[in-house]
Amino acid sequence: MCSVVGYVGADYSRKFVLEGLSRLEYRGYDSAGFACIDPDDNRLMYAKSEGKLRSLVALLEKEPIDGFVGIGHTRWATHGVSSQQNAHPHFDCEKLISVVHNGIIENHHVLKHELEAAGHTFHSETDTEIIAHLFEDSLSTYNELHGALVDLVGRLQGAYAFISLVQNYPDTIILVRKRSPLCIGIGQGEMFVASDMLAFAGKCRNVVFMPDESFALVRKSGVELYRFDGTPLPLLVQEVDVTWDMYEKQGHDHYMLKEIYEQKTAIHNTVNFLHSVKDRIWADMGVTGEQIFQLDTINLIGCGTSWHAGYIAKFFFETICMIPVQLHLGSEFRYLPFFPAKNSIFIAISQSGETANTLEAVRMVNEFNIPTVALTNVSSSTMLREAGGFVLTQAGREIAVASTKAFSTQITALYWLAHRIAYEKKIITAAQLEGAQEDLLIAAEVLENTIENYKLSIIKELAPRYARYGKMIFLGRHSSYPFALEAALKLKEIAYIFAATYPAGELKHGPLALIDADTPVIIFSHQDPIIYQKLLANVQEVKARGGHIIAFAFEGQYELIGLADVVFEIPRVKPLLGPLAMTGLMQFFFYAIAKELDRPIDKPRNLAKSVTVE
Ligand code: F6R
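4 is the number of the first residue of the sequence shown in this note's numbering; add one for each residue after it.
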């Protein structure tokens, strides 16, 4: 889940490469590098540095290099620690071939062994360096790019996208793609290449999304595209209309805070958008109304926050349209038995539409002829292109690594979809469908207002107090359990505080032993009277053992309010939308704790926004 970017054209490449990398830094920020061909003597030059892109920018200001052909990289470490040595580009023995790479070479151990035996010397712990040495080997046999590349890809196993500059071919950028994405932007006398077209959005409109298992030779004058077996492929040029807006923090300390505050608008935009596609929805999703009518099962899949949204939505589909849901974790799915069922649909939930685990699951299900739908926030994403259909959320670009508005708009879209299916199945009326849209807007209002209500006490009193704890326990029941999972994930990823989450009823089966005064217990309530009563009993169990309780309670839940040490009172909404109503306040609370601890909130350690490796 690194990013690769490249440029060949009449301009110097460095400016674009650095700008492109900064747009894609969401894919990793452990180190960065740049390589170019010196226009004076056609020598391959490079610079690389550990840490965020700004270190590379500073290095290049001090020791400038540039050329009309250049490539760059930001890294999310998979093989080898984050260090200058492991930063890309990597080279062959003679430093005539440079490679920047996103992906994993699965047979790197075997290859390294073979290459070392043949006399190659390695300088890093990365799997990428193997590509450069192997390419050196293939080039010395074939003495031309095309044959060498066919040979090279025949020896590599894994999922990878890399671009390469070779000193002896100074006018060419070499692109190779298997599973991981790569695209080419075709400009006027210039070519842009990148892992994600956002890198060159606004600079050209004609884009070639490289097909799986293909390689390309990209020059200022044109592009040659080939299958892995070396046969030529036609260039399918698509016109795309994606622009790049400078997304500033607009006065907020962090993008995460800005995005927390954008949620009400994002929910409104998602509701309005879905309302406007009301009758086109099945065509968008690549299914027919008849197929929807006959659905016996809905499969939901995602990773991390998107999986939590799917877990909450399980309650929507099962309650509102009375269709059983099978929930799958993207990272587990392909390694578990799969029983393809007739009359089922597979909805892949992904903010980015690039998450490798979820994407591979979509590819696998496509082979069974079961309708696949990408529920995503990015209309230009790989998942949207590869799934049979789509549902688009309207969160706008989410920059902070920790997902906020993508989560709330996923819940919004899934709640709406559950009602739309129920309407198709004649379980609810048109008026009830309209009513569901209103309910979403009310929940969005509550989401925002509760932040305002508690903002000051969180900043002044609660965040400083709870930032001192090293661990917390999260509890929920029914749909507030997956919400508790999401809350704990937010705390862990931005504040680095350990958190364990349980369905509240499970406490007495073991975790109750963890309760002490030093471990705050955070409880997310539910409006359903029976679930609330059960939850209350669990809270009493905690209280009786000296537990310290922070409760997200709904208005009028006096017993819970009475038991808690700290209470956030949430106005009532439609019971299934309880998690959505609590979302803003929960995120704000943990954001404030992370800020108190002075964490790098928008780019937490070890993480990246888009996880494009399995
Ligand atoms: C957490 C977070 C991640 C993502 C997960 C899936 O705040 O953002 O857990 O939700 O990596 O990403 P997408 O939704 O892009 O597939």
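Built from N, CA and C at the ideal position, the CB exists for glycine as well. This one's a predicted model, so the numbers in the text were calculated from it and none came from an experiment.
For residue j and residue i, believed in contact at Cβ under 8 Å, the rounded distance
i              : j              : result
methionine 386 : alanine 433    : Not quite, the Cβ-Cβ distance comes to about 31 Å (not below 8 Å), so this is no contact.
aspartate 287  : glycine 399    : The Cβ separation is near 19 Å, so there is no contact.
glutamine 354  : threonine 322  : Glutamine 354 to threonine 322, Cβ: 25 Å. No contact.
leucine 298    : asparagine 346 : 6 Å
leucine 168    : alanine 38     : 6 Å
serine 530     : proline 578    : Here residue 530 is glutamine; the residue named in the question, serine, does not match the sequence. Indeed they touch by this definition, with Cβ atoms about 4 Å apart.
lysine 98      : leucine 47     : 7 Å
threonine 131  : histidine 104  : 4 Å
valine 210     : glycine 188    : 6 Å
leucine 478    : tyrosine 505   : 6 Å
lysine 395     : serine 406     : It should be noted that the sequence gives leucine, not lysine, for residue 395. The pair is not a contact, with the Cβ atoms about 16 Å apart (cut-off 8 Å).
leucine 303    : leucine 330    : 5 Å
glutamate 128  : histidine 82   : 6 Å
Same chain, Cβ closer than 8 Å to residue i, neighbours up to 5 away in sequence not counted
i             : result
serine 25     : Leu56
alanine 620   : Past the edges of the chain, shown from 4 to 617, lies residue 620, and the structure says nothing about it.
leucine 27    : Ser6, Val8, Thr77, Ala197, Ser198, Asp199, Leu201 and Ala202
lysine 537    : Arg480, Ala507 and Gly508
arginine 602  : Ile497, Ala498 and Tyr499
histidine 255 : Lys261 and Tyr264
Near ligand 1: residue i beta-carbon under 6 Å from a heavy atom
i             : result
glycine 157   : no
serine 309    : yes
alanine 405   : yes
serine 355    : yes
cysteine 5    : no
threonine 358 : yes
cysteine 186  : no
threonine 376 : According to the sequence as given, residue 376 is valine; it is not threonine. Flag unset: Cβ of valine 376 not near ligand 1.
valine 394    : no
valine 614    : yes
valine 96     : Reading the sequence as shown, one finds cysteine at residue 96 and not valine. Answer for cysteine 96: no, Cβ out of range of ligand 1.
cysteine 324  : no
cysteine 306  : yes
Chain-order list of residues whose beta-carbon lies under 6 Å from that of residue i (same chain, five-residue window excluded)
i                : result
glutamate 227    : Leu220
phenylalanine 94 : Ser101 and Ala135
leucine 185      : Ala164, Leu178 and Met213
tyrosine 15      : Asp69
valine 368       : Phe349 and Thr375
alanine 403      : Tyr258, Met259, Glu262 and Asp605
alanine 121      : none
threonine 586    : Ser411 and Leu450
arginine 366     : none
Residue i - partner residues in DSSP beta bridges
i                 : result
tyrosine 49       : Ala38
valine 72         : Val11
arginine 230      : Ser217
phenylalanine 212 : Cys186
tyrosine 505      : Leu478
glutamate 242     : Asn209
arginine 222      : Gly225
valine 368        : BP columns for valine 368 are empty, so no partner.
phenylalanine 320 : In DSSP, phenylalanine 320 forms no bridge with anything.
leucine 395       : Thr379
serine 6          : Thr77
valine 524        : Ile476 and Ile552
serine 353        : Thr379
valine 102        : His93 and Ser167
proline 235       : Tyr229
phenylalanine 636 : Nothing can be reported for residue 636, as the shown portion of the chain is limited to 4 through 617.
Sequence-distant residues of the same chain with beta carbon closer than 7 Å to residue i, five excluded per side
i             : result
leucine 623   : Since the first and last residues shown for the chain are 4 and 617, residue 623 lies out of range.
glycine 31    : Met4, Cys5, Ser6, Thr77, Arg78, Trp79 and Ala611
glutamine 397 : Ala269, Asn272, Thr273, Phe276 and Thr412
lysine 252    : Tyr258 and Lys261
glutamate 427 : Gly292, Ile295 and Phe296
histidine 278 : Gln440
cysteine 324  : Ala421, Ile424, Ala425, Lys428 and Ile430
serine 528    : Ser483, Tyr535, Leu538, Ala554, Phe555, Ala556, Phe557, Gln560 and Leu563
lysine 511    : Glu544
leucine 600   : Ala470 and Ala498
glycine 73    : Gly9, Tyr10, Ser16, Arg17, Val20, Phe37, Ala38 and Cys39
Proximity test, Cβ basis, 7 Å: residue i and chain D
i          : result
valine 328 : Reference to chain D is not applicable here, since this structure consists of a single protein chain.
Contained alpha helix (DSSP H) runs [length at least 4] in the region 534–613, N- to C-terminal order: Counting whole runs of 4 or more residues, the region 534–613 contains the alpha helix (DSSP H) stretches 561–566 and 581–599.
Could you tell me which uninterrupted alpha helix (DSSP H) segments, each at least 4 residues in length, are contained entirely in the region 118–193, listed from first to last along the chain? Scanning the region 118–193 for uninterrupted alpha helix (DSSP H) segments of 4 residues or longer gives 131–145 and 148–158, listed from N- to C-terminal end.
Counting only runs of 3+ residues fully inside the region 412–480, write out the beta strand (DSSP E) ranges in chain order. Listed in chain order, the complete beta strand (DSSP E) runs (minimum 3 residues) inside the region 412–480 are 474–479.
Quick one: complete alpha helix (DSSP H) runs, 4+ long, within the region 287–346? Counting whole runs of 4 or more residues, the region 287–346 contains the alpha helix (DSSP H) stretches 292–296, 307–323 and 333–336.
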